[in-house]
């Protein structure tokens, strides 16, 4: 049992990712929804998968940063890769309106950057050769280009199935 708890990686700052992740999930449950459950489910899966692949490349293979304890995969990675980014994506797409695209892109980029900065500040994310400012162009591309494209594909696919 002790080995199981150690493998969950309750390292410094793990609580930040858990609290933020639970808060975002509760926000999604209670927010007025423009997305249907299939769209929420699909967005969660696609974004979580992309984040795991991309962050594994940058944090494990290239070794630019660590989340939680190095060489362990546990609670911090679960929330930081599987819950938090997909939650931001779902909330973004739920409020997204084409004519406010730039405003929402800037707002969600700032929120994502703040969340990353706080992860570093509480110690759950350890930077090696990474600076949180490097994430800003990534967030801008994701919010301005990728997520609206993802939404169009979901809507188009949904219409063609009916």
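In this note's numbering, the protein residues as written are 9 to 170.
For each residue, glycine too, the CB sits at the ideal point set by N, CA and C.
Which of helix, strand or coil DSSP assigns to residue i
i, result
"residue 111", "helix"
"residue 88", "helix"
"residue 41", "coil"
Host alpha helix (DSSP H) of residue i (start-end)
i, result
"residue 51", "45-64"
"residue 33", "22-38"
Extent of the continuous beta strand (DSSP E) run through residue i
i, result
"residue 75", "73-75"
Any C-beta of chain C under 7 Å from that of residue i
i, result
"residue 92", "No chain C is present in this structure, which holds just one protein chain."
Nearest-angstrom beta carbon gap, residue j and residue i [assumed within contact, 8 Å]
i, j, result
"residue 123", "residue 92", "7 Å"
"residue 126", "residue 24", "7 Å"
"residue 96", "residue 66", "Contact flag wrong, Cβ pair sits at about 18 Å."
"residue 128", "residue 140", "6 Å"
"residue 132", "residue 75", "6 Å"
"residue 4", "residue 51", "What is shown of the chain runs 9 to 170, which leaves residue 4 out entirely."
The ligand HEM heavy atom lying under 6 Å from the CB of residue i
i, result
"residue 49", "Judged by which ligands are present, the structure shown has none, so any question about the ligand HEM falls away."
Which residue spans inside the stretch 94-146 form an unbroken alpha helix (DSSP H) run of at least 4?
109-130
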